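Structure (structure tokens):
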């Protein structure tokens, strides 16, 4: 079915519709004040731990719907980076079918990531750096347990952020993505333990799947995100 | 979406369909002849009123309407799995029994939850004919047919909830609950697709996600369930033009990575085949 969203001269719709004023004001404040302090801290960290650019400039999520889209973009970056590593460094016992599934999921997450990047245009945060040191990529158990965590978290994130979205077209896009994440989550769970696709860890007595606020989700994802993110103006509850 | 193809497909499954809608066959012909005169945007409304006459269901326009629309679909799914698990000899011993029981219990929970939310506004449960007038006559005796229809119901359910999100925008309680049910349905769909793949045969190529339009292996009878799932353009972004790992993203990845909504009219047309 044709989306009601129309392409306008090849320009991504989302970036056409953004309200730029709050972002610019915020960025100005970043440069002028807190940003300088953050840069100092980042510089201090860099001496021991040469990592990504920790300056606030690239990782300010924005406000309103833009912040929520950047929040989704960040989570899709995390998932895409993880599955890219899974495929480039597969666990020894991986079967052809499991490899095919993991490659499919990797490509879905890349599609989500690149979609948000294109749609957000100039408002997209930069590429985040991740820390997967807690994952043993040579271990099927470690990889699948991490995948389960990310997929269940992703489902709960979209479910929990839906009502915060103001624009009905963005809400529709979130809806198109979250069910694919739920399909992934069910598959990964079944690979770990067949039949656990929707057990009571993830679906409650009312038959409702997980839902978490952006704050809760980012706390859970935090240990994997090396870059310093600024979610000051991200809607949450 | 080609409305006339949908009519054709429905007619293949439900031969009485043109007779059921009023004013009978002439309406279909009129619709065809009018299509050049009437703006496309007007058609869904007309279609909705036709289906309302045919099946007593209507497209929702407000929160209560969405909840009753959801309740109708959950009634259908709950009744389906309840009958399936009660049919002796249908579901072989093994992990499939546990999985179908899990799904059944979720659908029953969805019915109870929605009825509780709706209170006295809740619609009554319709009577169902899961053979769709004999088209799926072996639905409760043949496991593959049972799983095939289960997949169609789950994938339809996912698309149905997605299509109504806009009417619930900003509603923390109802939209969140609808999204939570929607995700549970997607988990079910993923698992049923794996079960069908494991059975082999026409379903041997099934993946947990939807690839292109109608990847079900069930045939043209369920084309309306998957109509539009081959969309590769999202908010003006052509997904296969984006970079993947080895070159551009594939068309398959583009269709799999986004599930598409269905209008209420399209969903009610599908569900209506099974409502007496």
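Chains as they are written, first to last, in my numbering: chain A, 9 to 245; chain L, 96 to 371. Built from N, CA and C at the ideal position, the CB exists for glycine as well. For clarity, every value in this text was computed on a predicted model and none was experimentally measured.
- Residue 223 of chain L carries a strand assignment under DSSP once its states are collapsed to helix, strand and coil.
- For residue 193 of chain A, the enclosing alpha helix (DSSP H) starts and ends at 176 to 200.
- Residue 247 of chain L sits away from residue 291 of chain L, with the two beta carbons spaced by 8 Å or more.
- Counted as a single uninterrupted DSSP element, the alpha helix (DSSP H) harbouring residue 176 of chain L occupies residues 158 to 181.
- Listed in chain order, the non-local C-beta contacts of residue 173 of chain A below 7 Å within the same chain comprise 73, 76, 179, 182, local neighbours out to five positions each way being set aside.
- Taking 8 Å as the threshold, the shortest C-beta distance from residue 351 of chain L to chain A falls below it.
- For the options A/226, A/231, A/233, the alpha carbon positioned closest to that of residue 242 of chain A is the one of A/226.
- Counting of Cβ neighbours within 10 angstroms places residue 336 of chain L among the exposed residues, the total staying below 16.
- The continuous alpha helix (DSSP H) containing residue 105 of chain A extends over residues 104 to 128.
- Contacts with chain L at 8 Å (Cβ-Cβ) include residue 122 of chain A.
- Taking CB atoms only, residue 90 of chain A has no neighbour in chain L less than 8 Å away.
- Around the beta carbon of residue 139 of chain A, fewer than 16 other beta carbons lie within 10 angstroms, which makes this residue exposed.
- Membership of residue 187 of chain L in any alpha helix (DSSP H) is not indicated, and neither H nor E is assigned to it by DSSP.
- Residue 202 of chain A has a beta carbon lying within less than 8 Å of a beta carbon in chain L.
- Under the 8 Å criterion on CB atoms, residue 205 of chain A is classed as interfacial with respect to chain L.
- Within 8 Å of the CB of residue 131 of chain A, no CB atom of chain L is found; the nearest one sits about 14 Å away.
- Per DSSP, the continuous alpha helix (DSSP H) segment holding residue 160 of chain A begins and ends at 148 to 169.
- The C-beta distance from residue 113 of chain A to residue 340 of chain L rounds to 12 Å, too long to meet the 8 Å contact threshold.
- Residue environment: residue 220 of chain A is assigned as buried (16 or more neighbouring CB atoms within 10 Å of its CB, all protein chains considered).
- Taking C-beta atoms under 8 Å as the contact rule, residue 312 of chain L and residue 301 of chain L qualify, at a distance of about 7 Å.
- Rounded to whole angstroms, the separation of the alpha carbons of residue 162 of chain A and residue 189 of chain A is 7 Å.
- Residue contact with chain A for residue 276 of chain L: present (Cβ-Cβ distance below 8 Å to some residue of chain A).
- Between the region 174 to 185 of chain L and the region 275 to 282 of chain L there are fewer than three inter-stretch CB-CB distances shorter than 8 Å, so the stretches are not counted as touching.
- Contact between the region 353 to 361 of chain L and the region 143 to 153 of chain A is not established, with fewer than three Cβ pairs separated by less than 8 Å.
- Between the alpha carbons of residue 235 of chain A and residue 78 of chain A lies a gap of roughly 14 Å.
- If you keep only unbroken alpha helix (DSSP H) runs of at least 4 residues inside the region 248 to 331 of chain L, you get 267 to 294, 318 to 321.
- Not one beta carbon of chain L lies nearer than 8 Å to the beta carbon of residue 97 of chain A.
- Contacts with chain A at 8 Å (Cβ-Cβ) do not include residue 362 of chain L.
- Using a Cβ distance threshold of 8 Å, residue 259 of chain L and residue 359 of chain L count as a contacting pair.
- Distance from the Cα of residue 309 of chain L is smallest, within the candidate group L/245, L/297, L/265, L/324, for L/324.
- Within chain A, the residues placing a beta-carbon under 7 Å from that of residue 194 of chain L are 203, ordered along the chain.
- Taking C-beta atoms under 8 Å as the contact rule, residue 194 of chain A and residue 205 of chain A qualify, at a distance of about 4 Å.
- Interface flag for residue 221 of chain A against chain L is unset, since no Cβ pair is found closer than 8 Å.
- For residue 86 of chain A, the enclosing alpha helix (DSSP H) stretches over residues 72 to 96.
- Not one beta carbon of chain L lies nearer than 8 Å to the beta carbon of residue 72 of chain A.
- Among the residues facing chain A, residue 253 of chain L is included, as its CB has a counterpart in that chain under 8 Å away.
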